[in-house]
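Participant: Numbering follows UniProt numbering, in which position 52 of the sequence shown is assigned residue number 52; successive positions increment by one, without gaps.
Ideal placement from N, C-alpha and C gives every residue a C-beta, glycine not left out.
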Amino acid sequence: TVHEPENIWNSNAYNKQDSLSTRDFLTNTEKEKIKELASQVPDSIRNRFAVLVDKWNFAIDHNPKTLYSASIHSYAKLPEFIPLKSMGKQIVPLIMERMINPSDFYFLVLYEAVLEGNETKDDSKFSESEQIRAIRCVKKWLEKQ
Numbered sequence: 001t002v003h004e005p006e007n008i009w010n011s012n013a014y015n016k017q018d019s020l021s022t023r024d025f026l027t028n029t030e031k032e033k034i035k036e037l038a039s040q041v042p043d044s045i046r047n048r049f050a051v052l053v054d055k056w057n058f059a060i061d062h063n064p065k066t067l068y069s070a071s072i073h074s075y076a077k078l079p080e081f082i083p084l085k086s087m088g089k090q091i092v093p094l095i096m097e098r099m100i101n102p103s104d105f106y107f108l109v110l111y112e113a114v115l116e117g118n119e120t121k122d123d124s125k126f127s128e129s130e131q132i133r134a135i136r137c138v139k140k141w142l143e144k145q
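As structure tokens, this is what we get:
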């Protein structure tokens, strides 16, 4: 007997936890709401955030400890991360706006650091990807707004 592996994209997957669902994606309405909330952050904070993010991204792309790391948590160990974290909760809408972009899922470590773990506990599954965790985090935050 030949056993074919079940495709996780298939709604008939044996392990339903591994199936992707609509809750794993942001709707256009959710994205627009996040952009609206982020636009309410004062320009001075937005500009400082943008400059610090550019420096952080440069460090991520050029530091061997992060360049070759499989963990987004290594990004939080860079010196360039500290000024971003020190901006505090005022940047949460800007972090959420960045996490709209699937490739910016690593902003999840900044969100967790800014909130110091107080509000970041979620119902994630052990096998869940960081990308899906980031989407769920954005949705959960949006529900509180």
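Helix, strand or coil for P42? Go by DSSP, reduced to three states.
Facilitator: Your numbering for residue 42 matches position 42 in the sequence shown. Coil at P42, not helix or strand.
Participant: Out of K140, P102, R98 and F81, which has the shortest C-alpha to C-alpha gap to S39?
Facilitator: Locating residue 39 in the sequence shown gives position 39, counting from the first residue. Cα-wise, what sits closest to S39 is R98.
Participant: Would you say C137 lies against chain D (beta-carbon separation less than 8 Å)?
Facilitator: Absence of chain D from the displayed structure is noted, only one protein chain being present.
Participant: Rounded to whole angstroms, what is the Cα-Cα separation between I45 and K77?
Facilitator: Residue mapping note: residue 45 aligns to position 45 of the sequence shown, counting from 1. Residue mapping note: residue 77 aligns to position 77 of the sequence shown, counting from 1. Spanning the two alpha carbons is a distance of roughly 23 Å.
Participant: With a threshold of 16 other CB atoms inside 10 Å of the CB of I132, please say whether the residue is buried or exposed.
Facilitator: Walking along the sequence shown from the start, residue 132 turns up at place 132. I132 comes out buried.
Participant: Using the Cα positions of P42 and A70, report the straight-line distance between them to the nearest angstrom.
Facilitator: Counting from one through the sequence shown, the residue named residue 42 turns up at place 42. Counting from one through the sequence shown, the residue named residue 70 turns up at place 70. Between P42 and A70, the C-alpha separation is close to 34 Å.
Participant: Could you check what DSSP says for N28 in three-state terms: helix, strand or coil?
Facilitator: Along the sequence shown, one-based indexing puts residue 28 at 28. DSSP places N28 in helix when its eight states are reduced to three.
Participant: Taking DSSP as the reference, what is the three-state secondary structure of Q131?
Facilitator: Here residue 131 refers to the residue found at position 131 of the sequence shown. If DSSP states are grouped into helix, strand and coil, Q131 belongs with the helices.
Participant: In this structure, does DSSP put I91 in helix, strand or coil?
Facilitator: Here residue 91 refers to the residue found at position 91 of the sequence shown. Helix at I91.
Participant: Going by the beta-carbon positions, is the gap between L67 and Q145 smaller than 8 Å?
Facilitator: The residue given as residue 67 occupies position 67 in the sequence shown. The residue given as residue 145 occupies position 145 in the sequence shown. No.
Participant: What residue range does the alpha helix (DSSP H) around K85 cover?
Facilitator: Along the sequence shown, one-based indexing puts residue 85 at 85. Per DSSP, K85 belongs to the alpha helix (DSSP H) from F81 to S86.
Participant: For the alpha helix (DSSP H) that contains Y106, what are its first and last residues?
Facilitator: Along the sequence shown, read from residue 1 onward, the residue named residue 106 stands at position 106. Neither: Y106 is in no alpha helix (DSSP H) and is coded neither H nor E.
Participant: For V53, count the other beta carbons within 10 Å of its own beta carbon; 16 or more makes it buried, fewer makes it exposed. Which is it?
Facilitator: On the sequence shown, residue 53 is found 53 positions in, with the first residue counted as 1. Flag for V53 reads buried.
Participant: Just how far apart, CA to CA, sit F49 and S129?
Facilitator: To locate residue 49, count along the sequence shown from 1; it is residue 49. To locate residue 129, count along the sequence shown from 1; it is residue 129. Their Cα atoms are separated by approximately 26 Å.
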